[in-house]
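Written out below as structure tokens is the structure these notes cover.
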Amino acid sequence: MKLLSDQMTEGELKVIQRELRATLQRGVTGDVAEFGCYVGTTSVILAEELAGQQPVRTLYLYDSFSGLPEKTREDISPAGEQFVAGELHASRQELERNIRPWRGKVPLRIHKGWFNEIPAHKLPQQIAFAFLDGDYYRSILDPLELIWPRLQPGACIIVDDYTNEALPGAAQAVHEWAQRYALQVRSEQSLAIFHKPE
């Protein structure tokens with residue numbers, strides 16, 4: 016398993032890979048979406064799993080390609096002072112270079128923009144699996160609000176940094192969403208894992 020950056024561990028990637036594989040095996044309909052790609056470490060893992068799958072599923076990749084946005088009060092933590100606006104910046108060209116081996120094997124759609132500005136026509140009609148790595152409170156809530164109506168019954172959602180004390184907004188967003196929809200959330204590695212009710 017190739018790590019393109021230090022932002023994800025091999026253990027986290029194995030969890031994501033396992034959960035996507037299980038979602039596909041359960042026959043949940045829809046495409047796959049990632050919000051917050053950075054250089055594409057997770058994007059490559061998702062593409063590897065989707066290659067050769069029937070039915071064919073499109074991999075949608077969303078990133079600002081401008082680094083992190085401004086924090087909100089939910090994101091403030093003494094442990095996270097290194098996370099500032101513009102941090103974790105990666106170019107679209109870098110992501111495209113890393114994902115290039117999978118072009119032609121997996122349908123890919125890459126969209127540049129802040130998550131709260133993604134137009135509806137740039138989203139999949141149906142989603143089976145979503146990985147959210149926005150780091151901040153709004154950058155987790157915004158994608159959840161966008162994709163929730165499109166997530167199919169049994170769809171899997173994974174949120175990174177759920178147990179990261181430097182990024183408390185991610186956990187707060189998950190807790191609020193889980194409370195709103197009475198969802199069961201489990202944690203593995205630094206990830207929150209939950210499903211759209213069937």
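To get the numbering used here, take the position in the sequence shown, counting from 1, and add 15.
All C-beta atoms, glycine included, are put in the ideal place defined by N, C-alpha and C.
1. Terminal residues of the continuous beta strand (DSSP E) containing Glu-203?
2. In chain order, what residues of the same chain lie with their CB nearer than 8 Å to the CB of Glu-203, ignoring the 5 residues before and after it?
3. Any idea what DSSP makes of Leu-18, helix, strand or coil?
4. Suppose you measure from the CA of Lys-120 to the CA of Val-47; what does that come to, to the nearest Å?
5. Should Leu-18 be labelled buried (16 or more other beta-carbon atoms within 10 Å of its own) or exposed?
6. Give me the DSSP bridge partner(s) of Lys-29.
7. Using DSSP with H/G/I as helix, E/B as strand and the rest coil, what is Tyr-77?
8. Throw me the rounded Cβ distance for the Arg-124 and Tyr-75 pair, which I believe falls under 8 Å.
9. By how many angstroms is the C-alpha of Ile-208 removed from the C-alpha of Ile-173?
10. Rounded C-beta distance between Leu-110 and Val-54? I'm assuming under 8 Å.
11. Extract the residue ranges of the alpha helix (DSSP H) inside the region 125-182, only unbroken runs of 4 or more that lie entirely within it.
Per the coordinate set shown:
1. Your numbering for residue 203 matches position 188 in the sequence shown. Where Glu-203 is concerned, the enclosing beta strand (DSSP E) stretches over 201-203.
2. Working through the sequence shown from its first residue, we reach residue 203 at position 188. Here the set comprises Val-30.
3. Against the sequence shown, residue 18 aligns to sequence position 3. Here Leu-18 scores only 49 on pLDDT, less than 50, and its place in the model is too uncertain to base an answer on.
4. Counted from its first residue, the sequence shown places residue 120 at position 105. Counted from its first residue, the sequence shown places residue 47 at position 32. Taking C-alpha positions only, Lys-120 is separated from Val-47 by approximately 15 Å.
5. Mapped onto the sequence shown, residue 18 falls at position 3. Any answer about Leu-18 is weak, because its pLDDT of 49 lies below 50 and its placement is not dependable; what the coordinates show is given next. It counts as exposed.
6. Stepping through the sequence shown from its first residue, residue 29 is reached at position 14. In the DSSP output, where bridge partners are listed per residue, Lys-29 has none listed.
7. Numbered from 1 along the sequence shown, position 62 holds the residue referred to as residue 77. Reduced to three states, the DSSP call for Tyr-77 is strand.
8. The count along the sequence shown starts at 1 and reaches residue 124 at position 109. The count along the sequence shown starts at 1 and reaches residue 75 at position 60. Indeed they touch by this definition, with Cβ atoms about 5 Å apart.
9. Residue mapping note: residue 173 aligns to position 158 of the sequence shown, counting from 1. Residue mapping note: residue 208 aligns to position 193 of the sequence shown, counting from 1. For Ile-173 and Ile-208, the gap between their C-alpha atoms comes out near 5 Å.
10. Within the sequence shown, residue 110 is the residue found at index 95, counting from 1. Within the sequence shown, residue 54 is the residue found at index 39, counting from 1. Going by Cβ atoms, the distance from Leu-110 to Val-54 rounds to 6 Å, so yes, they are a contact pair.
11. 152-162
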